[in-house]
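First comes the structure, then the notes that go with it.
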Amino acid sequence: RFCPLPPGQLVSSLAESGLEYYPPSQYLLPVLEQDRANTSRNSPDGPTDRFSREEVEWQNRFSDYEKRKEQKMLEKLEFERRLELGQREHAQLLQQSNNQKDEILQTVKEEQSRLEQGLSERQRCLDAERQRLHEQLKQTEQNISNRIQKLLQDNQRQKKSSEILKSLENERIRMEQLMSITQEETENLRRREIASAMQQMLTESYKNRLIQMAYESQRQSLVQQACSSMAEMDERFQQILSWQQMDQNKAISQILQESAMQKAAFEALQVKKDLMHRQIRNQIKLIETELLQLTQLEVKRKSLDTEALQEMISEQRWALSSLLQQLLKEKTRREEELREILTELEAKSETKQENYWLIQYQRLLNQKPLSLKLQEEGLERQLAALLVDLSAEHYLPLFAHHRISLDTLSRMSPADLAKVGISEAGLQHEILRRVQELLDAARIQPELLNPPKGEVLGALEVPTAPEEPPESVSPSAPPAELVVPTSECVVCLEREAQMIFLDCGHVCCCHRCCQPLRTCPLCRQEVTQRLRLYHSS
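Residue 1 is where the sequence shown starts when you use UniProt numbering, and the numbers rise one by one after that.
In structure tokens:
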């Protein structure tokens, strides 16, 4: 009977019952052997053949099994070999891919680093260049501002100075003294030399007037009047040219015979040698140069897209423009005064005096320049140069008259200078400060007290460049000593800017492009007056 209990429990149960348990393995083999014996007895071949066949059959099976097993093993090995080879190739490809990726990444990083370094370097260069330009512009603005401030102070100082009135009175006295012609001057008259000098002065004067009339004729609405005026001046100019083409003796003889020509030459030389007129011309030259530089600076700032300090530049430009108009009026007024003096001189002169204007011209030529007078009166050259540098040259006769030296100035106070006649407080302190600096430097370098004579005398000599009479559209005094910067016309971008627009003060157009303009191209202000700049070579 089948018992569901496990063998351990069955054994314990049987032991409790007094029975002994025998496992089935002790009884299964005899049963099988008995069953196998019965089968062999029933087989016709006998047990030996049957066992042989079964053994062969089992051996064949085992052999087939071993072959299949070996075949499977070979296939497995081949598969594993291929798998390993594929994995190895895959690993190599993966390694190559990773290496290439690393190389590409490294190359990209290096290129990016190089580009970033180049961009940083370029940015630093641009920043440095921009900073340099800003510093340069700032320095230029500061220099221009200082010069403008100095010009304004000089003009204010000259307005307050009473020396100008004194010089006018002295000029009138000198002109009255010129009317008395001595017998010695008549005998020593160098007729041909004076006539030759008059011819040169007249030629120069008429050339300048012809240039002015040619420019004015382009803007006059009354063409007939302009043509007649041009024809008159052209006739006079052609007459001068014909004199140059004629024999020199004939030209000089004609000048000697015409009193009007002699008077015109004397008038031109008188204007040329007038100290006050020269000071006004020099100030006009400086203002024209500053206006040109301010215009260039303003255009450069606009190109750099920087709006800082534009208002300050505009204020300086307007101040210079107003000062220029005022100086032009003073220049015209001074020329009228000189003409009045000439008229008075002619009225008081002896009309029957022979060679009157030739002698007057010779006197004016022989008149000693201011530098030589100061040198003869004992004024130190270094002190004269200092006053010229401070634009106080109108005080040179005052210093020479009182015999004031550098050593004397070192012991003077502003109150002492005021007693002498220098009323400007700022100029008093500046003169004393500069004198003290000069003396301190001279203790180390004594040669500073003896500058080159030509350096000082050249600053005091009367300039030889001709000036143009101021009209509404006439050019102002052409610069003869200043190095004038140049800029191109903002309209045609080809020719040089030659015109000053008033009232704004911009110098931005050539003489051709400015004709149809009614407003300034830079600031759109209405143009009320045009002045042409003449740059002498």
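Note that the Cβ used here is the ideal one computed from N, Cα and C, for glycine as well.
* Asked: In three-state DSSP terms, what is C508?
  -> Looking up residue 508 in the sequence shown gives position 508. If DSSP states are grouped into helix, strand and coil, C508 belongs with the strands.
* Output the distance between the C-alpha atoms of A91 and E80, rounded to the nearest integer angstrom. => Here the question's residue 91 lines up with position 91 in the sequence shown. Here the question's residue 80 lines up with position 80 in the sequence shown. If I take the Cα positions, the gap works out to 16 angstroms.
* Identify the continuous beta strand (DSSP E) that holds I500 and give its terminal residues. => On the sequence shown, position 500 is the one that residue 500 refers to. Counting along the chain, the beta strand (DSSP E) containing I500 begins and ends at 499-502.
* **Top-ranked residue by Cα proximity to L286, from T408, I144, S410** => What you label residue 286 is simply residue 286 of the sequence shown in a count that begins at 1. If we check each option's Cα against that of L286, I144 comes out closest.
* Asked: For the 8 angstroms Cβ check, are there 3 or more pairs between the segment 515-532 and the segment 497-504?
  -> yes
* Contacting residues, own chain, Cβ-Cβ under 6 angstroms from L327 (five flanking each side not counted) -> As a position in the sequence shown, residue 327 is number 327, starting the count at 1. Hits under 6 angstroms: I280, Q283, I284.
* **Straight-line gap, S321 to E288 (C-alpha atoms, nearest Å)** => Stepping through the sequence shown from its first residue, residue 321 is reached at position 321. Stepping through the sequence shown from its first residue, residue 288 is reached at position 288. Their backbone Cα atoms lie some 9 angstroms apart in a straight line.
* Can you give me the start and stop residues for the beta strand (DSSP E) that L531 sits inside? => Counting from one through the sequence shown, the residue named residue 531 turns up at place 531. Run containing L531: 529-532, per the beta strand (DSSP E) assignment.
* Rounded to a whole number of angstroms, what is the C-alpha to C-alpha distance between L406 and K150? -> The residue labelled residue 406 in the question sits at position 406 within the sequence shown. The residue labelled residue 150 in the question sits at position 150 within the sequence shown. Those two C-alpha atoms are separated by around 23 angstroms.
* To do: Report the rounded CA-to-CA distance for L292 versus C509, giving the unit in angstroms.
  => Your numbering for residue 292 matches position 292 in the sequence shown. Your numbering for residue 509 matches position 509 in the sequence shown. So the alpha carbons of these two residues sit roughly 11 angstroms apart.
* Going by C-alpha distance, which of I104, T140, Q142, E298 is nearest V490? -> Reading the sequence shown from its first residue, position 490 is the one you call residue 490. The residue with the shortest Cα to Cα distance from V490 is E298.
* Asked: Roughly how many angstroms separate the alpha carbons of A319 and E111, rounded to a whole number?
  -> Taking the first residue of the sequence shown as position 1, residue 319 is located at position 319. Taking the first residue of the sequence shown as position 1, residue 111 is located at position 111. Distance between the alpha carbons of A319 and E111: 57 angstroms.
* Span separating the alpha-carbon of E135 from that of R301 -> Within the sequence shown, residue 135 is the residue found at index 135, counting from 1. Within the sequence shown, residue 301 is the residue found at index 301, counting from 1. So the two alpha carbons sit approximately 12 angstroms from each other.
* Asked: Between which two residues does the alpha helix (DSSP H) harbouring G426 extend?
  -> Position 426 of the sequence shown, counted from the first residue, corresponds to residue 426. It spans 425-444 - the alpha helix (DSSP H) in which G426 sits, taken as one unbroken run.
* Determine the direct distance from the alpha carbon of S410 to that of L417, and round the result to whole angstroms. => Translated into positions along the sequence shown, residue 417 becomes position 417. Translated into positions along the sequence shown, residue 410 becomes position 410. If I take the Cα positions, the gap works out to 11 angstroms.
* P516 classed as buried or exposed, judged by whether at least 16 other C-beta atoms fall within 10 angstroms -> The residue you call residue 516 lines up with position 516 of the sequence shown. It is exposed - the Cβ of P516 has fewer than 16 other Cβ atoms within 10 Å.
* Asked: Relative to the alpha-carbon of K272, which residue among T295, R339, Q123 has its alpha-carbon at the smallest distance?
  -> Your numbering for residue 272 matches position 272 in the sequence shown. Of the candidates T295, R339, Q123, R339 places its Cα closest to the Cα of K272.
* Output the distance between the C-alpha atoms of L531 and Q153, rounded to the nearest integer angstrom. => Along the sequence shown, read from residue 1 onward, the residue named residue 531 stands at position 531. Along the sequence shown, read from residue 1 onward, the residue named residue 153 stands at position 153. The C-alpha of Q153 is placed about 24 angstroms away from the C-alpha of L531.
* Take Q436 and list the residues in its own chain whose beta-carbon comes closer than 8 angstroms to its own, dropping the five residues that flank it on each side. => Counting from 1 along the sequence shown, the entry for residue 436 is found at position 436. Contacts found: S410.
* Measuring CB to CB, does Q296 end up less than 8 angstroms from S120? -> On the sequence shown, position 296 is the one that residue 296 refers to. On the sequence shown, position 120 is the one that residue 120 refers to. No, Cβ-Cβ distance for Q296 and S120 is not below 8 angstroms.
* To do: Would you list, in sequence order, the uninterrupted beta strand (DSSP E) runs of no fewer than 3 residues that lie entirely inside the segment 308-351?
  => none
* If you draw a straight line from the alpha carbon of E526 to that of V507, how long is it in whole angstroms? -> In the sequence shown, counting from the first residue as 1, residue 526 sits at position 526. In the sequence shown, counting from the first residue as 1, residue 507 sits at position 507. Note on geometry: alpha-carbon atoms of E526 and V507 lie some 14 angstroms from one another.
* Asked: Who are the near neighbours of R147 in its chain, counting only those whose CB is closer than 8 angstroms to its CB and skipping five residues on each side?
  -> As a first step, residue 147 is located in the sequence shown; it is residue number 147 there, counting from the start. Excluding positions up to five away in sequence, the list reads L286, E290.
* To do: Count the other CB atoms, across all protein chains shown, that sit within 10 Å of the CB of A392; report buried if there are 16 or more and exposed otherwise.
  => Here residue 392 refers to the residue found at position 392 of the sequence shown. Per the 10 Å Cβ criterion, buried.
* Asked: Between which two residues does the alpha helix (DSSP H) containing T408 stretch?
  -> Counting from one through the sequence shown, the residue named residue 408 turns up at place 408. Here the alpha helix (DSSP H) through T408 covers 406-410.
* Sheet register partners of T519 (DSSP bridge) -> In the sequence shown, counting from the first residue as 1, residue 519 sits at position 519. In DSSP, T519 forms a bridge with E526.
* Thinking L387 and L396 are a contact (beta carbons under 8 angstroms), I'd like their distance in whole angstroms, please. => Counting from 1 along the sequence shown, the entry for residue 387 is found at position 387. Counting from 1 along the sequence shown, the entry for residue 396 is found at position 396. With a Cβ gap of about 6 angstroms, L387 and L396 count as contacting.
* Paired residues, beta bridge with E496 - DSSP -> The sequence position of residue 496 within the sequence shown is 496, counting from 1. In DSSP, E496 forms a bridge with E488.
* How long is the line joining the alpha carbons of I444 and R434, rounded to whole angstroms? -> Against the sequence shown, residue 444 aligns to sequence position 444. Against the sequence shown, residue 434 aligns to sequence position 434. Computed Cα separation, rounded: 16 angstroms.
* Asked: How should H429 be labelled, buried or exposed, when 16 other C-beta atoms within 10 angstroms of its C-beta is the threshold for buried?
  -> Counted from its first residue, the sequence shown places residue 429 at position 429. Burial is judged here by how many other beta carbons sit within 10 angstroms of a residue's own beta carbon; H429 has fewer than 16 and is exposed.
* Just the Cα atoms here: how many angstroms apart are E496 and A128? -> The residue given as residue 496 occupies position 496 in the sequence shown. The residue given as residue 128 occupies position 128 in the sequence shown. Computed Cα separation, rounded: 32 angstroms.
* Asked: Quick one: what does DSSP say D389 is sitting in, helix, strand or coil?
  -> The residue given as residue 389 occupies position 389 in the sequence shown. DSSP places D389 in helix when its eight states are reduced to three.
* Span of the alpha helix (DSSP H) holding D416? -> Within the sequence shown, numbered from 1, the residue matching residue 416 stands at position 416. That run of the alpha helix (DSSP H) goes 414-420.
* To do: Taking all protein chains shown into account, decide if I104 is buried (16 or more other Cβ within 10 angstroms of its Cβ) or exposed.
  => Taking the first residue of the sequence shown as 1, we reach residue 104 at position 104. By the neighbour-count rule (16 or more Cβ atoms within 10 Å), I104 is not buried but exposed.
* Cβ of L294 within 8 angstroms of Cβ of Q316? -> Numbered from its first residue, the sequence shown carries residue 294 at position 294. Numbered from its first residue, the sequence shown carries residue 316 at position 316. A contact, by the Cβ cut-off of 8 angstroms.
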